[in-house]
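Protein chains in written order, with my numbering: chain A, 648 to 757; chain B, 42 to 156. By construction, the Cβ of each residue, glycine as well, lies at the ideal position given by its N, Cα and C atoms. Predicted, not measured: the structure shown is a model, and the values here were computed from it.
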Amino acid sequence: SQKIEQNSEALNIQEGKTATLTCNYTNYSPAYLQWYRQDPGRGPVFLLLIRENEKEKRKERLKVTFDTTLKQSLFHITASQPADSATYLCAFDSNYQLIWGAGTKLIIKP
Amino acid sequence: NAGVTQTPKFQVLKTGQSMTLQCAQDMNHNSMYWYRQDPGMGLRLIYYSASEGTTDKGEVPNGYNVSRLNKREFSLRLESAAPSQTSVYFCASSDRERTSTDTQYFGPGTRLTVL
Numbered sequence: 648s649q650k651i652e653q654n655s656e657a658l659n660i661q662e663g664k665t666a667t668l669t670c671n672y673t674n675y676s677p678a679y680l681q682w683y684r685q686d687p688g689r690g691p692v693f694l695l696l697i698r699e700n701e702k703e704k705r706k707e708r709l710k711v712t713f714d715t716t717l718k719q720s721l722f723h724i725t726a727s728q729p730a731d732s733a734t735y736l737c738a739f740d741s742n743y744q745l746i747w748g749a750g751t752k753l754i755i756k757p
Numbered sequence: 042n043a044g045v046t047q048t049p050k051f052q053v054l055k056t057g058q059s060m061t062l063q064c065a066q067d068m069n070h071n072s073m074y075w076y077r078q079d080p081g082m083g084l085r086l087i088y089y090s091a092s093e094g095t096t097d098k099g100e101v102p103n104g105y106n107v108s109r110l111n112k113r114e115f116s117l118r119l120e121s122a123a124p125s126q127t128s129v130y131f132c133a134s135s136d137r138e139r140t141s142t143d144t145q146y147f148g149p150g151t152r153l154t155v156l
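Below, the structure written as structure tokens:
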């Protein structure tokens with residue numbers, strides 16, 4: 648069955664450094680993959696979408712890559728700030744539904 | 042422009058009680074979704090509605106029913122609540138038909154505890 652995996656352990660990063668989160672998927676070739684941010688007690692908020700024919704997508708300090716050979720997407724936050732602390736979710740489309748990873752909690756320490 | 046709204050924010054039920062979770066969106070989206078989110082697990086789709094008047098089962102539909110009342114509103118009903126339905130419930134909407142992608146917009150969630 649289709650599966651999407653994110654590192655379940657929290658990622659601790661020093662402020663100012665680049666944070667890199669990983670999303671791996673199996674048994675599927677999605678047309679696109681999305682990244683969302685979720686703060687405690689709130690719903691997920693869309694950040695970026697990358698299509699299968701795109702290698703990289705950027706939005707301000709955010710960058711997403713999509714490697715269809717490795718079946719992996721990387722999500723980078725450059726010049727990280729404590730306000731970037733949150734849980735980040737990845738999701739891919741499958742038969743008109745989204746399949747979601749469990750999310751990785753990112754903690755940016757001042 | 043409120044986006045996606047959900048009521049109630051919190052609810053405690055006893056086993057066997059029923060309740061309806063309400064969701065509304067003001068973005069004129071055709072597609073709406075109900076998810077549950079449990080610790081350590083990804084969002085799991087309960088039901089979705091691709092357009093007004095249609096609903097389809099998702100990954101975990103057992104114990105739930107839905108109604109797409111009109112284009113704006115999509116409700117989720119628990120007929121006889123069970124402790125296994127203790128979870129956080131999110132409603133979402135998307136403009137999949139127009140954009141050809143399923144970027145979803147979420148409500149604030151309902152925290153449900155079944156005793």
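Starting from the Cα of residue i, find the closest Cα among the options and give me that residue.
i              : options                        : result
Q66 (chain B)  : B:L153, B:T46, B:D136          : B:T46
Y76 (chain B)  : B:N69, B:L119, B:R85, B:M68    : B:R85
S90 (chain B)  : B:G81, B:S134, B:T127, B:G57   : B:S134
S648 (chain A) : A:S741, A:K702, A:I697         : A:S741
T95 (chain B)  : B:L54, B:I87, B:S72            : B:S72
L780 (chain A) : A:W747, A:F722, A:A738         : An answer regarding residue 780 (chain A) cannot be provided, because it is not within the stretch 648 to 757 covered by chain A.
T667 (chain A) : A:S732, A:G688, A:P691, A:N674 : A:S732
T725 (chain A) : A:F739, A:L709, A:I755         : A:L709
G44 (chain B)  : B:H70, B:K50, B:L54            : B:H70
S116 (chain B) : B:N42, B:L54, B:Q58, B:I87     : B:I87
Is residue i helix, strand or coil when you go by DSSP?
i              : result
R684 (chain A) : strand
S152 (chain B) : Reading off the sequence shown, one finds Arg at residue 152 (chain B), where the question assumed Ser. The answer is strand: DSSP assigns R152 (chain B) an E or B state.
A730 (chain A) : helix
Q126 (chain B) : helix
R689 (chain A) : coil
T669 (chain A) : strand
E114 (chain B) : strand
T140 (chain B) : helix
M82 (chain B)  : coil
A91 (chain B)  : coil
Y36 (chain B)  : Because chain B is modelled from 42 through 156, residue 36 (chain B) falls outside the range shown and cannot be assessed.
F659 (chain A) : Contrary to the premise, residue 659 (chain A) reads as Asn rather than Phe in this sequence. Looking at N659 (chain A) - three-state DSSP - the assignment turns out to be strand.
A133 (chain B) : strand
L717 (chain A) : coil
K752 (chain A) : strand
Report back the beta-carbon spacing between residue i and residue j to the nearest angstrom; my notes put them in contact at under 8 Å.
i              : j              : result
Q744 (chain A) : G99 (chain B)  : 7 Å
Y105 (chain B) : R118 (chain B) : 7 Å
Q728 (chain A) : E662 (chain A) : 6 Å
Y679 (chain A) : I651 (chain A) : Actually they are not in contact, since the Cβ atoms of Y679 (chain A) and I651 (chain A) sit about 13 Å apart, beyond 8 Å.
L658 (chain A) : T751 (chain A) : 6 Å
T669 (chain A) : Q681 (chain A) : That pair is no contact at about 15 Å.
R689 (chain A) : P149 (chain B) : 6 Å
A730 (chain A) : G81 (chain B)  : Actually they do not touch by this definition, with Cβ atoms about 25 Å apart.
L156 (chain B) : T56 (chain B)  : 7 Å
L696 (chain A) : T144 (chain B) : 6 Å
Q52 (chain B)  : T151 (chain B) : 6 Å
List the residues of chain C that residue i touches, going by C-beta distances under 9 Å, in chain order.
i              : result
P149 (chain B) : Absent from the structure is chain C; the protein chains it does hold are A and B.
Checking the sheet assignment: what are the DSSP bridge partners for residue i?
i              : result
A738 (chain A) : A:Q681, A:W747
N106 (chain B) : B:R118
M60 (chain B)  : B:L119
K710 (chain A) : A:R705, A:H723
T48 (chain B)  : B:Q63
E100 (chain B) : Answer is none; E100 (chain B) lacks a bridge partner.
Y146 (chain B) : B:S134
E652 (chain A) : A:N671
L694 (chain A) : In the DSSP output, where bridge partners are listed per residue, L694 (chain A) has none listed.
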